[in-house]
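Enquirer: My structure is below; once you've seen it, I'll send some questions.
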Amino acid sequence: MKVSFAKLSAPTQGVAVIAVPEAPKGKAATPVKTAPPALGKTAAALDKSLGGAISRAIRAGEFTGKREKILQIWAPGSGRITRVVLVGLGDPKTLDGAVAERIGAAIFAATERETAVTLILEDVGAATLAAHVAAGVVLKSYRFDKYRTKEDKDAKPKLTAISVQSVSPVEAGKAYTGLAAVNAGIFLTRDLVSEPANVIFPDSFAQRAKAALAKDGVQVEILNEAALRKLGMGALLGVGQGSAQKSCVLVARWNGGKDKAAAPLALVGKGVCFDTGGISLKQPGGMWDMKWDMAGAGVVVGTMQALARRKAKVNVVGLCGLVENMPDAKAQRPGDVVTSMSGQTIEVQNTDAEGRLVLCDVLTYVQQRFKPRAIVDLATLTGAIIAALSEHYAGLFSNNDDLAETLAAAGKKVGERLWRFPMGEEYDRELKSLIADMKNIGGPRAGSITAAQFLQRFINKDVPWAHLDIAGVVWNEKGTPLAAPGATGYGVRLLNRFIVDNYEG
Ligand code: BES
Ligand code: MN
Ligand code: ZN
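Here it is as C-alpha cells:
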C-alpha cells in the first residue's frame, strides 16, 4: 500500500472518505432521532461542491457518526467525484490509537474495490491518530494468497494507494513511519504463521527469519542440533527426535540501546512448526491448525523486525525453539525420561505436551547466556486457554506483578488484551513424578496454569518472567477487526508497545 500524507483540501475527483465525528449526545433533534453530525470545513466544502449531496445523504441515511459505521454515497454531484464514503468516528474525545486503527480497517473493508482513495481526517485530533487510521487501513489489507492460482482477479481487493489528509500532515507522516515498521513486523509474523508445514519447518523458518532480520540489521545465529546437543538441550531435542526435520534454535539480537552492554529484554517463542502430538497422537479433525503451533516464534521474529525497522533504542534478544513433533519409530515414547539443559529430569507422560519441553531448554539457555533483565515467552501452549478465554484475550502468567501489570497495560492500549491467571504451589504439586524431577503434564484441570508452573521451574529466582499463552488469539477463522480470516499477527503490537512504554528512552 502506498501511503502519502497531505494538507486538507476538498478533492475534485475520485473517491473521498470522510471521517465524521458523532453528534454530541443529549442534543437530539427529537426524542427519537439524534442530531445529524456536523461536517468539518473540508467536508463541508466538498458537500457544497456536490450540491449538498453529503448532508442530504446523512439525513436520508440517518447517519449519526457512530464509530466504524459506514455510509456510502455513490456518484454524488455531476463532476468527477465517483464516490463519497462516510465513516463514523464516534466521540472524538475517546479516540485512541487502537480505535483509530479499527476505523482504518473499516475504511479498507468499505473501499477495497477502489484502487486509490483520499482520506479526509479533519476531526481525528492529534496527528498521530491520523497515522493510526492509515496504519489500520494497511493492517486490514493483508492477504495470504500466494497459493491461489485460480482466484478471480476481480474478487481480489484492489486498493493500493491512500492519500491521507489531516491538519498536520508532516507530523502524521512522521508518526506513520514508526507504525509502518510495526506493520511490517506484523506482516512477517502473519506470513510465517500462514505458511503450511511443508514450507515452514525448523530450518526454513530459521533461514527465512534470518534473511528478513539480517536485512534490517539484526544479528542472527542459528544453533543446529549438534550445538543443542552440546548444550544439553535434551528436552527440546526429545520433541524433535521423531521428525525428519532437524531441530534448531534461532537467536536474534537487536542492540539499539544507548548502553550496548546493558542487560537485554528477552523474548522467547514456541516454534513447533507442526504438532501432530507425537506418539500421543492428536485427533485428525482440526490437526491442520497445528501448522500455526509456531506462532510464538513468529511473533518474536516479527517483533524483532519491527524494533529494528524503527531503530528502537533498546537491547532485545529474541529466541525461537524450532522443532517438529512427529510420531515415528525414532519418536520419544510416553514415559520416556529426558534431561533438560537445566539438569532437571522430566518424565514425558504425554508427547503432545511438547511446547513446554521446547521452551524449558530455551529459557535455561537465554538466562545462562544473556542474563536478561526480564523474559517474556509466547506460546500456543494449551487448548485449555481457549476453553477459558476464547479468542478475546491471551492468558498471562507471571512471577512478577510489575511485569504482569505493564504487559497487561500495553495489551489494553493496543487492543491485544491479556488476562492474568493465578499461579502457586497448589498447582505446581500436580507436576510431581514418581521417577523423575517432574512430569510434563498436570491433572485434567487448570491445564494452562500447570503448563505455566512447568515453565516457571526453569526460571531462576529473581528473574522477572511472564508467559503469554496465545493459543486462542493468533489464528482466527472468521477474521478480526484488523485481520482477514487466518493469521492475526497478535502479539507484535503488544510487545512493541510494552517496549516503547517500559524500556526505551
Ligand atoms: N499446540 C497445542 C496447544 C493448542 C491446542 C494450540 C489447540 C492451539 C490450538 C499443545 O502442544 C498441546 O497439544 N497441548 C495439550 C497439552 C495436554 C496434552 C496437557 C492440550 O492443550 O491438549
Ligand atoms: Mn501438543
Ligand atoms: Zn503444541
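The letter at position 285 of the sequence shown is residue 272 when you use the numbering used here, and the numbering goes up by one with no holes.
Virtual Cβ for every residue (Gly too), placed ideally from N, Cα, C.
Just so it is clear, the structure is predicted and the values come from calculations on it, not from any experiment.
(1) Go through its chain and collect everything with a Cβ distance to G265's Cβ below 8 Å, but skip five positions before and after it.
(2) Which one of G160, P431, R130, D139 has the shortest CA to CA distance from T147?
(3) Is it buried or exposed for Y163, if we count other Cβ within 10 angstroms and need 16 for buried?
(4) Beta-carbon within less than 8 Å of K269's beta-carbon, same chain only, minus the 5 sequence neighbours each way: which residues are those?
(5) Would you tell me roughly how many angstroms separate the C-alpha atoms of R43 and V86, rounded to the nearest one?
(6) Check the DSSP bridge columns for S150 and list the partner residues they point to.
(7) Considering K257, what are the terminal residues of the beta strand (DSSP E) in which it resides?
(8) With a Cβ-Cβ cutoff of 8 Å, do G204 and A295 count as a contact?
(9) How about I372 and S435: do their beta carbons lie closer than 8 Å?
(10) Would you call the CB atoms of A253 and V461 closer than 8 Å?
(11) Can you check whether the CB of L106 is closer than 8 Å to the CB of V71?
(12) Could you say if the segment 216 to 223 and the segment 240 to 250 meet the contact criterion of at least three C-beta pairs nearer than 8 Å?
(13) Does the beta carbon of K12 come closer than 8 Å to any beta carbon on chain C?
(14) Can you grab the Cα-Cα spacing for the pair N170 / V125, in whole Å?
(15) Based on the DSSP output, what are the partners of I333 in its beta bridges?
(16) Does the Cβ-Cβ distance between H119 and L73 come in under 8 Å?
(17) Taking I60 and A32 to be in contact with their CB atoms under 8 Å, please state how far apart those CB atoms are, rounded to whole angstroms.
(18) For A6 and L108, which I take to be in contact (beta-carbon distance under 8 Å), what is that distance rounded to the nearest angstrom?
(19) For L218, I'd like the list of residues in its chain whose CB is within less than 7 Å of its CB, leaving aside the five on either flank, ordered along the chain.
(20) In chain order, what residues of the same chain lie with their CB nearer than 7 Å to the CB of G48, ignoring the 5 residues before and after it?
(21) With burial defined as no fewer than 16 other Cβ atoms inside 10 Å of the residue's Cβ, what is the status of I422: buried or exposed?
(22) When a residue counts only if its C-beta is closer than 5 Å to some heavy atom of the ligand ZN, which residues count, in chain order?
(23) For I60, report the span of its beta strand (DSSP E) as first-last.
(24) So what's P8 in DSSP terms, helix, strand or just coil?
(25) If distances are taken between C-alpha atoms only, which option among Y380, A250, I209, L455 comes closest to K233?
(26) Compute the minimum distance between the beta carbon of A285 and the heavy atoms of the ligand BES, and state whether it is under 7 Å.
(27) Sorted by chain position, which residues of the same chain lie with C-beta nearer than 7 Å to P468's C-beta, five sequence neighbours on each side aside?
(28) Have a look at K127 and F95 and give me their C-alpha separation to the nearest angstrom.
(29) Taking buried to mean at least 16 other C-beta atoms within 10 Å of its own C-beta, is K426 buried or exposed?
(30) Could you tell me the distance, in whole angstroms, from the CA atom of G330 to the CA atom of C347?
(31) Give me the Cα-Cα distance between A248 and G492, rounded to the nearest whole angstrom.
(32) Expressed to the nearest angstrom, what Euclidean distance is found between the alpha-carbon atoms of K(-11) and F174?
(33) Should Q355 go down as buried or exposed, given a rule of 16 or more other Cβ atoms within 10 Å for buried?
(34) Could you check if G227 belongs to the surroundings of the ligand MN, using beta carbon to heavy atom distance under 7 Å?
(35) Would you report the Cα separation of F408 and P189, rounded to the nearest angstrom?
(36) Return the bridge partner residues of F384 from the DSSP annotation.
Expert: So, from the data block:
(1) So the qualifying residues of the chain are V226, G229, N312, M313, P314, A318, Q319, T338, D339, E341.
(2) Here the closest residue by C-alpha is R130.
(3) Around the C-beta of Y163, 16 or more other C-beta atoms lie within 10 Å, and the residue is accordingly described as buried.
(4) Within the same chain, K269 has close Cβ partners D262, T263, M277, D339.
(5) The straight-line gap from Cα to Cα measures roughly 28 Å.
(6) Paired residues: S(-9), T105.
(7) Element bounds for K257: 252 to 262.
(8) Yes.
(9) Yes, they are a contact pair.
(10) 8 Å or more divides the Cβ of A253 from the Cβ of V461.
(11) No.
(12) In short, these stretches do not touch, since the Cβ pair count stays below three.
(13) No chain C is present in this structure, which holds just one protein chain.
(14) Using only the alpha carbons, I get a separation of about 8 Å.
(15) V325, M425.
(16) Taking 8 Å as the Cβ cut-off, H119 and L73 do not qualify as a contacting pair.
(17) Actually they do not touch by this definition, with Cβ atoms about 16 Å apart.
(18) About 5 Å; that satisfies the 8 Å criterion.
(19) By the criterion of a C-beta distance shorter than 7 Å, L218 is surrounded in its chain by M328, Y352, once the five residues flanking it on both sides are discounted.
(20) Excluding positions up to five away in sequence, the list reads L58.
(21) Taking every protein chain shown into account, the CB of I422 has fewer than 16 other CB atoms within 10 angstroms, so this residue is exposed.
(22) With 5 Å as the limit, the residues whose C-beta approaches any heavy atom of the ligand ZN more closely are V259, D262, D280, G342, in sequence along the chain.
(23) First-last of the beta strand (DSSP E) with I60: 57 to 61.
(24) Three-state result, P8: strand.
(25) Closest by alpha carbon: I209.
(26) Before going further, note that residue 285 is Gly rather than Ala in the sequence given. False, no ligand heavy atom lies under 7 Å from that Cβ.
(27) Here the set comprises R89, A92.
(28) Approximately 7 Å between the Cα atoms of the pair.
(29) Its Cβ being crowded by 16 or more others within 10 Å, K426 is buried.
(30) G330 and C347: Cα-Cα distance of roughly 11 Å.
(31) Those two C-alpha atoms are separated by around 16 Å.
(32) Here the C-alpha atom of K(-11) lies approximately 15 Å from the C-alpha atom of F174.
(33) Burial call: exposed.
(34) Answer for G227: no, Cβ out of range of the ligand MN.
(35) When rounded, the distance between both Cα atoms is 31 Å.
(36) Beta-bridge pairing links F384 to H454.
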